[in-house]
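The structure appears below as structure tokens.
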Amino acid sequence: MRRLEQELRRQLSPLGRYQLSRIRKVALQDLSTITRQITGLLPLRVAASLKEGIARTGNLDYQATRILMDVSTLTQVERLNACQKEPETVTWIETHIRTGDVFYDVGANVGAYSFVADAVTGGLARIFAFEPGSTTYAALAQNIFLNDCHQRIVPLPLALSDYTGLRMFHYSSIVPGAASHVMPDVNMRLTSETQMRSQYVLSCRIDDLVSQFGMPVPNLMKIDVDGSEMAVIQGAIQVFRGSILRSLLVEVDEQAPQTRELVQMLEGFGFDLASRHHHVGSNCVANYIFVRRNT
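The opening residue of the sequence shown carries number -12 in the numbering used here; numbering runs sequentially from there.
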């Protein structure tokens, strides 16, 4: 069945593949609902034992090597298609990362692109994967152990921003692998459900991590923080003014007013906007790739 699905995906257009994934998601959600209802009838010990016994892993869709990922939730299953979803991110990593580099994966989620960076360098890069969401961080840590990367990929449960200290973090969902969480510096209206799923996390400026905790300055940086990208950059002014950071990829909402300011700020630091890549199914969310001039 999986081979048939892969063949069908190859024959479809990007929009067709996106629509197929949506249909598959709805079908799996219906099956998941039935399974939860049946499991709810079981004694607690039996249900817990059953859950432990059916722990599954899947392969990330990175063709160059095998990368294992925990798939305890439907959202984590969808993360297995990270390379297909953002081929430009994979190409950017393969093009720009070098042996011995330091890579900051800001908003790492379950770590897909951290593992790609590790694979491309043959394990000879230092990778710091930042993920403040508690359940997703746990999945990230599990994936690092699954791939025996614990000495090369460092998971950090920090929310990088323009402020160092405790900060309220609003969850869109507490399911491992979920995204679209909200930091208070983002001008977004919160639902009552989102406000209920809030907790304090440790926020930190990148410049403080470097100056106070001795972390190495990154050569490459990926920023995917669902609206807080400007705060991340404003917390790393010294890093961006230096010459060590060669390139970065930033996910932006082109309709957000701060996106133009972000581009202008990075250009002022000596970076050129090399390319932009819209997400499949979206007219406004895109990955912007910046490269330092004369590198």
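Even for Gly, the Cβ is constructed at its ideal location relative to N, Cα and C. Please read these numbers as outputs of a predicted model, since none were measured by experiment.
- Per DSSP, the beta-bridge partners of residue 91 are 115, 208.
- Looking from the CA of residue 135, the closest CA among 105, 163, 115 belongs to 105.
- The Cβ atoms of residue 71 and residue 48 lie closer than 8 Å to each other.
- It is roughly 45 Å from the alpha-carbon of residue 265 to the alpha-carbon of residue 28.
- In the DSSP assignment, no residue is bridged to residue 254.
- When the beta-carbon positions are compared, residue 192 and residue 222 come within less than 8 Å of each other.
- About 4 Å separates the CB atoms of residue 95 and residue 116; that is less than 8 Å, so the two are in contact.
- Pairing residue 212 with residue 204 gives a Cβ-Cβ distance that is not under 8 Å.
- For the segment 40 to 66, the continuous beta strand (DSSP E) assignments of 3+ residues that do not extend past its boundaries occur at 44 to 46, 55 to 57, in sequence order.
- In this model, residue 128 and residue 119 are separated by some 12 Å (Cα to Cα).
- The beta-carbon distance between residue 154 and residue 188, rounded to whole angstroms, is 6 Å. This is short enough to meet the 8 Å contact definition.
- Check the Cα spacing between residue 58 and each of 232, 103, 122: the tightest is with 122.
- Here the C-alpha atom of residue 156 lies approximately 12 Å from the C-alpha atom of residue 148.
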